[in-house]
Structure formats: C-alpha cells, structure tokens
Amino acid sequence: MAEDSMRAEPTFELLGDVWTIANQRGTTLDLSRATRTQSVQVCECDGLKLIIPDKIVSLSIVSCSNVEVDMHSSISGLELTDCHGVKIRVKSSLPSAAIDKCQQVGFWITSANAEYIMFTSCKSGDMNVNVNRNTSGNVDEDDWVERPIPEQFESRFNAKLQLDTKPSMLY
Numbered sequence: 001m002a003e004d005s006m007r008a009e010p011t012f013e014l015l016g017d018v019w020t021i022a023n024q025r026g027t028t029l030d031l032s033r034a035t036r037t038q039s040v041q042v043c044e045c046d047g048l049k050l051i052i053p054d055k056i057v058s059l060s061i062v063s064c065s066n067v068e069v070d071m072h073s074s075i076s077g078l079e080l081t082d083c084h085g086v087k088i089r090v091k092s093s094l095p096s097a098a099i100d101k102c103q104q105v106g107f108w109i110t111s112a113n114a115e116y117i118m119f120t121s122c123k124s125g126d127m128n129v130n131v132n133r134n135t136s137g138n139v140d141e142d143d144w145v146e147r148p149i150p151e152q153f154e155s156r157f158n159a160k161l162q163l164d165t166k167p168s169m170l171y
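Read in order, the letters of the sequence shown correspond to residues 1 to 171 in full-length UniProt numbering.
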C-alpha cells in the first residue's frame, strides 16, 4: 500500500509537439489526436495499451513493463530503454528501432517494412521480430514468420586488424 501512495500521478498530455504519457497502470489510451508533426514519450507505465492510428515523428518508451503499442507508422523511429514485456505492432512503416537494456521485446511488421528497418540493440535479450509475408491486405491470409534479433555476437580480427562482427552461430 505504501508503494501505491508514493507513485506519481498519471500523466497524459500534449506539451508543445510531444505527447507525454507517464505512470499509467492497466489502461488503454487512444492517441487519435496525434499528428505527423508530433512525438510520443511514454515512461514508467505498466500494463498500458497504446493505440496510435496515424503517422507520428517518433516514439520513446522508457522504464515500462507490459506495454502494447498498435501504431500506424513513425517518421524517424522508436526507442525502447529499460523496458520489460513490450509488444510493438506496426501497420505501415518503422525505419528504425533502438533497444537498450530491455527484455522480452516483440515486433510485428509488414514484409515491405522488413526490407529497410534497422534494429540496434544493447544489453538486451529475448527480442523477436514477426514479419507478415501476406501482401494482399486480407487478414485471413496473414502468414507470419518469427525471427530472433541476435543478442550474442562473434568478433574476429581481419587481415587489416579491424574487427569483423557477426551474430553468433546460435542464430
């Protein structure tokens, strides 16, 4: 009970061009008012479901657990920091995803998005990306393939004394 009384008040507000969402617990928030010139920052939330139906500039999620995001697209990308149990579903495009100190992260993207998205991860584990090979748009024909995002790498020196790094043979 003492822990509940020490929690900060839930926040859901637009400050300039940034939607700020903080300290939300077990709720669903609809960001239908977000525009392509605005960013979204989410911090210290647990059990949050976030719906972003239109394109936004960027999405940042920090110190959250059990968060689900259904989003249309992002212009610059997504950052996840110090999170656990995050699911990101992207309807159209996400150019990049930076994952730092996170566990149990899942992405669901289109096959068109898979051709150019870049994942960058650091000190993270149990990360997977699911790609829908269905290009018809008919949800009855969805064909998902799941791939792990490597968390272990092998590095060797080449003849020029530069390090060549690739995912571990475990992947």
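Positions of the beta carbon are idealized from the N, C-alpha and C atoms, including for glycine.
Task: Distance between beta carbons of residue 143 and residue 134, contact taken as under 8 Å - done: Cβ-Cβ separation between residue 134 and residue 143: approximately 5 Å, consistent with a contact (criterion under 8 Å).
Open item on the list: Less than 9 Å between the beta carbons of residue 67 and residue 42, yes or no?
Closed with: Cβ atoms of residue 67 and residue 42: closer than 9 Å.
- [ ] Using three-state DSSP, classify residue 158 as helix, strand or coil.
- [x] Three-state result, residue 158: coil.
TODO: Excluding the 5 residues preceding and the 5 following residue 123 in the sequence, name in chain order all residues of the same chain whose CB lies nearer than 6 Å to its CB.
DONE: Cβ within range, chain order: 101.
Open item on the list: Between residue 47 and residue 26, how many whole angstroms is the CB-CB distance? I'm expecting something under 8 Å.
Closed with: Indeed, because the Cβ distance is near 4 Å, the residues count as touching under 8 Å.
Open item on the list: I'd like the list of long-range same chain contacts for residue 156, defined as Cβ closer than 6 Å, with 5 residues on each side in sequence excluded.
Closed with: 164.
Open item on the list: Helix, strand or coil, according to DSSP, for residue 111 in the structure here?
Closed with: Helix, per DSSP.
- [ ] Assign residue 9 to one of three DSSP states: helix, strand, or coil.
- [x] DSSP places residue 9 in the coil class of the three-state scheme, outside both helix and strand.
Open item on the list: At the level of alpha carbons, what is the spacing between residue 10 and residue 22?
Closed with: If you take the alpha carbons of residue 10 and residue 22, they lie about 6 Å apart.
TODO: Would you decide whether residue 71 is buried or exposed? Buried here means 16 or more other CB atoms lie within 10 Å of its CB.
DONE: Per the 10 Å Cβ criterion, buried.
- [ ] Identify whether residue 164 lies in helix, strand or coil by the three-state DSSP scheme.
- [x] DSSP places residue 164 in strand when its eight states are reduced to three.
Open item on the list: With distance defined between alpha-carbon atoms, name the residue in 111, 92, 138 nearest to residue 52.
Closed with: The closest CA to that of residue 52, considering only 111, 92, 138, is found on 92.
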